[in-house]
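*Asks:*
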Amino acid sequence: MCGRFGMLHTWTDMFESYRLISTPLNVAPRFNIAPTQPVLAVIPSQVRKGNVATHFQWGLVPPWAKEVAIGSKMINARAETVAEKPAFRQAFRRRRCLIPASGFYEWQKPTGEKGPNGPKQPFWISAADGGLLTFAGLWESLMSADGSELETCTIITTTANDALAPIHARMPVIVAPADFQTWLDVSDETATAAASALLRPAADSVTTARPVSTRVNSVRNDDASLIEPGEASSEGGATFAAPAKNQGDLFS
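Residue numbering for the sequence shown follows my numbering, starting at 23 and increasing by one per position.
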């Protein structure tokens, strides 16, 4: 699954990558984005050619849900079943989005003497070329109890590639820049079939991974030290530099 990620790139990086025509957003660096928090997403403009950036709450709430709390259990959708699951199938056909990230975290199960009782080792996984990673996402919109519009999203996951499988069995579906518009096109069933073909693991060369501090386990920690490299041990622990000052920012 993908349960935490970071977004450190700037609006300029996004503007150029996603053909954005929307008004610039003031985006603060985030090193520990967690479920139910606001995330950046890219969707097609409804008024003219191009894409716009917006904020969705992470954790998709289906239109038929009686409680919005269900979204916390729907932060990911499996590529293998996303087209059939009642919670996701309509969004898959009609409301696909791109979710930008600078990297994501996965936790490796311990392999040392303590076995399954040892601490899990977090890894920061980012683009090998230092650029943006773009997750395949879905989104929904519904009216909340107070009458306001609630827009939520989920990240689609697939089987991990050979490079990441030793860390975790799953990984986000990463959409290549050449496929952005294919993923966003919801015009007809042919477009949906083309999008379905993108639901596969990224090539091993796309990402790089390094062990990082277990400080990322707490959603209250959100600073640059979370992605600083450390040396993983056989028990899942690691040695790290001293943490930087907690930034604690979401979107300003």
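Ideal placement from N, C-alpha and C gives every residue a C-beta, glycine not left out.
Put residue 249 into one of helix, strand or coil per three-state DSSP.
*Replies:* Taking the sequence shown and counting its residues from 1, the one referred to as residue 249 is at position 227. Correct three-state label for residue 249: helix.
*Asks:* Could you compute how far the alpha carbon of residue 60 sits from the alpha carbon of residue 146?
*Replies:* As a working mapping, residue 60 is identified with position 38 in the sequence shown. As a working mapping, residue 146 is identified with position 124 in the sequence shown. So the alpha carbons of these two residues sit roughly 20 angstroms apart.
*Asks:* Determine the direct distance from the alpha carbon of residue 177 to that of residue 51, and round the result to whole angstroms.
*Replies:* Residue numbering aside, residue 51 sits at position 29 when the sequence shown is read from its first letter. Residue numbering aside, residue 177 sits at position 155 when the sequence shown is read from its first letter. Rounded to whole angstroms, residue 51 to residue 177 spans 20 angstroms at the Cα level.
*Asks:* Using the rule of at least 16 other Cβ atoms within 10 Å of the residue's Cβ for burial, across every protein chain shown, is residue 34 buried or exposed?
*Replies:* For the purposes of this step, residue 34 is taken as residue 12 along the sequence shown, with counting starting at 1. That one is exposed.
*Asks:* Would you grab the beta carbon distance between residue 122 and residue 131 for me? Rounded to a whole angstrom, and I think it's under 8 angstroms.
*Replies:* For this step, residue 122 is matched to residue 100 along the sequence shown. For this step, residue 131 is matched to residue 109 along the sequence shown. So it is not a contact: roughly 29 angstroms between Cβ atoms.
*Asks:* At a cut of 8 angstroms, does the segment 82-93 reach the segment 148-165 through at least three beta carbon pairs?
*Replies:* Flag = yes, the segment 82-93 and the segment 148-165 touch.
*Asks:* Check whether the Cβ atoms of residue 99 and residue 110 sit closer than 8 angstroms, and answer yes or no.
*Replies:* Walking along the sequence shown from the start, residue 99 turns up at place 77. Walking along the sequence shown from the start, residue 110 turns up at place 88. Yes; because the gap between Cβ atoms is below 8 angstroms, this pair is in contact.
*Asks:* Where does residue 168 land, buried or exposed, given buried means 16+ other C-beta within 10 angstroms?
*Replies:* Residue numbering aside, residue 168 sits at position 146 when the sequence shown is read from its first letter. That one is exposed.
*Asks:* Which term fits residue 129, buried or exposed, when burial requires 16 or more other beta carbons within 10 angstroms of its beta carbon?
*Replies:* The count along the sequence shown starts at 1 and reaches residue 129 at position 107. Per the 10 Å Cβ criterion, buried.
*Asks:* Does the distance from the CB of residue 236 to the CB of residue 186 come in under 8 angstroms?
*Replies:* Here residue 236 refers to the residue found at position 214 of the sequence shown. Here residue 186 refers to the residue found at position 164 of the sequence shown. Not closer than 8 angstroms, so no.
*Asks:* Count the C-beta pairs between the segment 69-80 and the segment 38-52 that are closer than 8 angstroms, then say yes if the count reaches three, no if not.
*Replies:* Touching, per the Cβ criterion.
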